[in-house]
Each structure stands twice: as structure tokens, then as C-alpha cells.
Amino acid sequence: MALAGRTAMRWARLRSPCPAAAPPCLPPWLPAGPVACERLYSSRGKEKIDMSTYPVESIRNFSIIAHVDHGKSTLADRLLEITGTIAKTDRNKQVLDKLQVERERGITVKAQSASLFYNHEGVNYLLNLIDTPGHVDFSYEVSRSLSACQGVILVVDANEGIQAQTVANFYLAFEAQLAIIPVINKIDLKNADPERVEKQIEKLFDIPIDECVRISAKQGTNVEKVLQKVIEKIPPPQCTTADPLKALVFDSTFDHYRGVIANIALFGGEIEKGHKIVSAHTKKRYEVNEVGILTPNEQPTHKLYAGQVGYLIAGMKEVTEAQIGDTLFLYKQPVEPLPGFKSAKPMVFAGMYPVDQTEYNNLKSALERLTLNDSSVTVHRDSSLALGAGWRLGFLGLLHMDVFNQRLEQEYNMSVILTAPTVPYKAILSSAKLIKEYGKAEITIINPAQFPDKLSVSEYLEPTVLGTIVTPHEYIGKIIALCQDRRAVQKDMLYIDEHRVMLKYLLPLNEIVVDFYDALKSLSSGYASFDYEDAGYQAADLIKMDILLNGNPVEELATVIHNDKAYATGKFLCERLKDAIPRQLFEIAIQAAIGKKIIARETLKAYKKNVVAKCYGGDITRRMKLLKRQAEGKKLMRKIGNVEVPRDAFIRVLKRQTDK
Numbered sequence: 009m010a011l012a013g014r015t016a017m018r019w020a021r022l023r024s025p026c027p028a029a030a031p032p033c034l035p036p037w038l039p040a041g042p043v044a045c046e047r048l049y050s051s052r053g054k055e056k057i058d059m060s061t062y063p064v065e066s067i068r069n070f071s072i073i074a075h076v077d078h079g080k081s082t083l084a085d086r087l088l089e090i091t092g093t094i095a096k097t098d099r100n101k102q103v104l105d106k107l108q109v110e111r112e113r114g115i116t117v118k119a120q121s122a123s124l125f126y127n128h129e130g131v132n133y134l135l136n137l138i139d140t141p142g143h144v145d146f147s148y149e150v151s152r153s154l155s156a157c158q159g160v161i162l163v164v165d166a167n168e169g170i171q172a173q174t175v176a177n178f179y180l181a182f183e184a185q186l187a188i189i190p191v192i193n194k195i196d197l198k199n200a201d202p203e204r205v206e207k208q209i210e211k212l213f214d215i216p217i218d219e220c221v222r223i224s225a226k227q228g229t230n231v232e233k234v235l236q237k238v239i240e241k242i243p244p245p246q247c248t249t250a251d252p253l254k255a256l257v258f259d260s261t262f263d264h265y266r267g268v269i270a271n272i273a274l275f276g277g278e279i280e281k282g283h284k285i286v287s288a289h290t291k292k293r294y295e296v297n298e299v300g301i302l303t304p305n306e307q308p309t310h311k312l313y314a315g316q317v318g319y320l321i322a323g324m325k326e327v328t329e330a331q332i333g334d335t336l337f338l339y340k341q342p343v344e345p346l347p348g349f350k351s352a353k354p355m356v357f358a359g360m361y362p363v364d365q366t367e368y369n370n371l372k373s374a375l376e377r378l379t380l381n382d383s384s385v386t387v388h389r390d391s392s393l394a395l396g397a398g399w400r401l402g403f404l405g406l407l408h409m410d411v412f413n414q415r416l417e418q419e420y421n422m423s424v425i426l427t428a429p430t431v432p433y434k435a436i437l438s439s440a441k442l443i444k445e446y447g448k449a450e451i452t453i454i455n456p457a458q459f460p461d462k463l464s465v466s467e468y469l470e471p472t473v474l475g476t477i478v479t480p481h482e483y484i485g486k487i488i489a490l491c492q493d494r495r496a497v498q499k500d501m502l503y504i505d506e507h508r509v510m511l512k513y514l515l516p517l518n519e520i521v522v523d524f525y526d527a528l529k530s531l532s533s534g535y536a537s538f539d540y541e542d543a544g545y546q547a548a549d550l551i552k553m554d555i556l557l558n559g560n561p562v563e564e565l566a567t568v569i570h571n572d573k574a575y576a577t578g579k580f581l582c583e584r585l586k587d588a589i590p591r592q593l594f595e596i597a598i599q600a601a602i603g604k605k606i607i608a609r610e611t612l613k614a615y616k617k618n619v620v621a622k623c624y625g626g627d628i629t630r631r632m633k634l635l636k637r638q639a640e641g642k643k644l645m646r647k648i649g650n651v652e653v654p655r656d657a658f659i660r661v662l663k664r665q666t667d668k
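Each residue of the sequence shown is one higher than the one before, counting from 9 in the numbering used here.
Here it is in C-alpha cells:
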């Protein structure tokens, strides 16, 4: 009885309403206060919102775009507070940045959407906001988000002014023919110069100065004016509920209990629980279990109508079923699929292998779920004699690769080996036999082991990018020298104002992929910014460099490199291997070779037993005889001995060379 009484009391305490200060009913892992109660009970008994009260004319869909660290997420926090979407507290920092990696690095990695309700001049408006990443590696997230919008807020830092990614994001929005609202943020800073930034915006983007809104997102100054501009300047979506259902899947996540949660933008019709829908991509049929909006947490609704942005759960159990860019329509009411998204073009490739081969299937499952949420990663099966079965992954850049690896560890508890990054090369074949084998004259090489011999190729091509560097004018000399060292060709040079210069360079991708950004930042004391876009392929003097151990090539260590950089890279790799490989009883020659020509060598000395220790004086010939016999034994051992490169030595050499 006593036990039953205690249980009843516990339930009574749990069900009692939580006081605002320090509720006893909450588990220790939740912070105190009403927000905690809301989070604890968020999964049960939500009241459904009636979305029919928001006709298409009172809907505004917009994104916030900017360079890294110009205050996009802080502005999003203030907009959420002003519209009453979240409670106003000091803890509201990066509310929409939900991933652990985003909070740790202080950057936005995933575009996040939220629906805001705002009353302007007596009319209730539904504002669908999408907060986007600012780094060049995540520009695919920005272009995807813009497909669900009719306008953008372009945020520029009042202190730093226009940066490289500001220019890139402006042109993304301009090409999509979206309404652009320029916002100058951080006017509260001591060194802020909004007048200078307004002139930069007018000169570069041809936007009149009087259209710029000066704000401080941190202090909330003038933020209300931004919402008014959104309503006045951004047009409502061009669609009606009378049209047949047409929904674009612009993002998706995987939930272990509910399956795939798809973020959708409705371009026609309406959708509700119980509707039978069909995917234009897979042709599979589903029944809708739940629809709703994100505020920024999931809020179920009775229906979603044309022009609105929300989420949908329809019992998709396989991660491959919710393709980003897919069109959903009602069963027996087929529509012309929406154009979807241009698939992202990987810029950097790296091998990924499980640390332990028994974890292969778990890693495969984790990769499938993470690539559902990050569709810009390409995955190809690969295997290696030293590292076992794995994958060759394509990323949009080096930060993208680091973030993806970190998310694997944090969200799926997976520990992996990630090899040094490489870029995709092309070869134009001249050998009729190889053309017949591949079925085409031009092949793409993503693995150095598949690099064809020079005799069977008419020319090699390497990927290039058009890089934009925005820098204070005092660093121009150092930056030009850095670019020339990286085989860059200058295309343009423009003074944005009397202090800042915009340089445009055509750069080989493999020259910027590892440490160019770090070198640029250190040369310019952190003031220069860099952005790049794909510029196709150009002919280059490429070679395959092999690493030999006692004359035997090691396939995993082969690299494709420009002829000019071969010697320095070969020497570096040989030195690194000398430190990584354990000594043997025989001498090991570590060599870097291009074809038959050896360009660098390091020698790993053998362990040597002191065979003359037993000689206490006596004739010199006795000592010489013992040393000669030892040398013959070592020679024989070297002929028949195999050099087994241990797994951890491979990992140390293949991993990104950050200490270069």
C-alpha cells in the first residue's frame, strides 16, 4: 500500500502545473521555467492551428542571407521574439541552430525554417522565415532555400562591409528574381560605418541608399522596421488553393519513430491528414499521417494551403524515399513535376572507412540517414587493401567535410578514418583499347589508383574555380604573391571603396582545397574573405606519384599532383612515412616515384644486433667475419621480407595533413 501511495504521489507531482521558477516536477536534464515544461509536454496534446485564416495574399516567404558571422541567426532570434513565436529571454541565442556542431562552431550549417504570425495595420500575416548558412561550402543550402521564397533579407555587417559571400548570395537571389531587402546590421558597434556600407551596396548591387535598413539585431534596434519592409516589398506566392496539389520537398530529416519528416512548400492545392499522395520521383503512394508548421518546433495543423511552408509525415520508412527536390501530388491527380534542384557538384573527395570493419553496416546506415539530411554529399562504394571496405564521399568543400565527419560522431556515435582530400580530374584518352573499355573518350578520375598512364592519354584536365577575394587594400601585395604561388591567373581587380578591393582569380581547385583559406586569413590578419564558384576544367601537366617501400608500390598512398609540386610533396610524404612506419630488422627504402624516376627518398635504418659484443680483444679478422655474416643475413632478409605497413601508420599518413 505504501508503495502504491508513493507512486500515486509521484504521478500527482508530475501532472501538477509547473511554477515559473524552479519546478520540482522536471527531470534534472531540463532547465527550469515554462520553456522546459513546454519541451517536456510538447509531444502530447498540441492544439491544431487553423491555417485557412491565412489566404495567399497575406503570406510572405523569405530567407535571410549574408556572409559568415554578419548576424543572420541573431536577426532570426529577434524576429521570432517580436512576433511572439518564442518567449523573450536572455537565453535566445542561435535558436534556429539546432545541431550540436552549429552551437560549438558558432556557424549555421543547415537551413532552418520557422513560421511567424504578425499583425500589420490590422491584417494578420503569416511570415515563413528560412535562416540560411553563410559559408561558401553550404551555398547549396542557400540555393535550395531560395526555391521556397519570394524574397530575401540581405544582411551586411556595418563594420566589415560587403564580403565575398555577400556578393555570391546577392547574385543567387538576383538570378532567382527575388525581391531583395538590404539590411545593415551591427550599427551599435564602436567602429560601425553604415554610410560607407550603404555606398558599397549602391555601387556593387545598384540598390538605392534609401532602401537600406539600419539595425542592431543584438539590441533589437529597428528590427520591427524589417518586418514591415518584408510585408511591403516581398510579393505573396503566385498560386491558389483551387489548383491541384503540388508540393516541393526542400529538406528532410529522419526520426527513428515516425520515419522521414519532409519539409514542404505548397505551390498549389491543399493537404491534410488522410490524403493519399504520390511521389513524382519514386512513384510510391503514401497516406498523410500529420501536417503542420514549424514555429520553430513542430506544430500540427488541420491542413496546409497553397503558398504555405510546413512539414509532412507520411510513413516514409526508407531514407531513399524522400528525395530533396521531389514533387508530391494527390493520388489520381498527377501534375507536372516542379523543376527541383540542380544537383550539387562535389568539389572535394575523400575516402571514408570504419575504424573497425565489424562497424561497416552501422556506418552504412548512419551515412544513409545523414545524406538524407545533407543531400549535397555524394557516396560511392570503395575498398582498400589496407583499410578494408568503405566509401568515396564527395563534399562541397573542406569545412563541409569536417562538419559531416563531426555530425557522424556526435549524432550517430560513429568513429571513422577519413583520408586526405582529393579533387576530381579528367583524362582525354588516345588509346582505342581504353576508349572501348570505358565506352567514352573522356573519363573522370576520383581515385588516384585509377589514374591512366600518360602514354594512353592525349591530355589531362584539372578542375578550376573562379575565386573572389575581398580585402583591405594594404594586403594586396601579399595576397597577389600567394595567388601566384598557387598557379592562379588574375581576371579582375575592383576598388569597392577607398579602403577595400575585390580581386577575381582563376585558381586550380587542388591548390585551394587544403590550406589556401588559412593562408589567406593569416596573411590579411583575418580581414580578407574568400568565395569561389565552379569554372570548369582546363588542361594541366598532371602526374601520378607512387610511394614505394623497398621497390613495391603502395596503392593507398598514390597521389595525383601537378608536375611543378611533385618534388616538395614527394619529399614531405617520404618524411612522414619514415616517422610512421616502425623499424624492422632490415633496412627500408621509402621512395617517391614518377613512373620509373625516383624523385625523393628516405631510409629507415634497420635494428642492429651487436654481434661483436662477445669478442674481447683478439684478431681483427674475427670481428670482420662476424660483421660480414650479419650484412649477408640482412641482405637476404631484405630480399624475402615484406614490409607490412600497420593500419595506424596508414591513418597517420592519409589523414589531412594539418601540420604541413
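Built from N, CA and C at the ideal position, the CB exists for glycine as well.
- Our two residues, Val163 and Ile285, have alpha carbons roughly 38 angstroms apart in a direct line.
- Cα atoms of Lys499 and Leu528: separation of roughly 18 angstroms, rounded to the nearest angstrom.
- Under the three-state reduction of DSSP, Thr261 is assigned to strand.
- Judged by DSSP secondary structure, Met409 falls within the alpha helix (DSSP H) whose first and last residues are 406 to 420.
- Taking 8 angstroms as the cut-off, the Cβ atoms of Ser260 and Ala156 do not count as close.
- Counted as a single uninterrupted DSSP element, the alpha helix (DSSP H) harbouring Ser147 occupies residues 147 to 154.
- Distance from the CA atom of Arg584 to the CA atom of Leu378, rounded to whole angstroms, is 33 angstroms.
- If you compare the alpha carbons of Asp334, Asp201, Lys462, Pro63 with that of Pro347, the shortest gap goes to Asp334.
- Counting C-beta atoms within 10 angstroms of its own C-beta, Ile628 has fewer than 16 neighbours from the protein chains shown and is therefore classed as exposed.
- For Asp587, the uninterrupted alpha helix (DSSP H) run begins and ends at 574 to 588, by DSSP.
- Straight across, the Cα-Cα distance linking Val387 with Met360 is about 10 angstroms.
- Residue pairing by DSSP puts Gly396 in a beta bridge opposite Ser392.
- Per DSSP, the continuous beta strand (DSSP E) segment holding Lys284 begins and ends at 284 to 287.
- Between Ser153 and Ala119 the beta-carbon gap is near 4 angstroms, inside 8 angstroms, which marks them as a contact.
- By the criterion of a C-beta distance shorter than 7 angstroms, Lys353 is surrounded in its chain by Asp542, once the five residues flanking it on both sides are discounted.
- If the five residues before and after Ala457 are omitted, its C-beta is found closer than 7 angstroms to the C-beta atoms of Glu563, Ala566, all from its own chain and listed in chain order.
- In its chain, beyond the 5 residues on either side, Tyr62, Ile67 have a beta carbon closer than 6 angstroms to the beta carbon of Leu134.
- Contact between Gln173 and Val109 is absent: CB atoms are separated by about 19 angstroms, not below the 8 angstroms threshold.
- Looking only at Gly626, Glu232, Ala435, the smallest Cα-Cα distance to Lys448 is reached by Ala435.
- The three-state reading of DSSP puts Ile454 in coil, since its state is none of H, G, I, E or B.
- Counting along the chain, no beta strand (DSSP E) covers Asn230, and no H or E run does either.
- Its chain contains Val109 as the residues whose beta carbon lies nearer than 7 angstroms to that of Gln414, once the 5 sequence neighbours on both sides are disregarded; these appear in chain order.
- Taking the Cα of Phe524 as reference, the smallest distance to any Cα among Ala639, Asn571, Gly405, Glu445 is reached at Gly405.
- For a cut-off of 8 angstroms, the C-beta gap from Ile551 to Ala574 is around 6 angstroms, short enough to register as a contact.
- Leaving aside the five residues that flank Phe213 on each side, the residues in its chain whose CB is nearer than 7 angstroms to its CB run, in chain order, Phe178.
- Going by DSSP, Gly318 is part of the beta strand (DSSP E) stretching over 317 to 321.
- Taken atom to atom, the span from the alpha-carbon of Ser466 to that of Ser439 is near 9 angstroms.
- Going by DSSP, Ser71 is part of the beta strand (DSSP E) stretching over 67 to 74.
- For Gln599, the uninterrupted beta strand (DSSP E) segment begins and ends at 596 to 602.
- DSSP, read as helix, strand or coil, puts Gly159 in strand.
- DSSP places Lys605 outside any alpha helix (DSSP H); the residue lies instead in the beta strand (DSSP E), whose first and last residues are 605 to 612.
- Relative to the Cα of Ile484, the nearest Cα in the group Glu470, His507, Glu112 belongs to His507.
- Residue pairing for His128: DSSP places it in a beta bridge opposite Val131.
- Classified as buried, Gln316 has 16 or more neighbouring CB atoms from the shown chains inside 10 Å of its CB.
- DSSP, reduced to helix, strand and coil, places Gln498 within a strand of the structure shown.
- Collapsing the DSSP output to three states places Asn370 in a helix.
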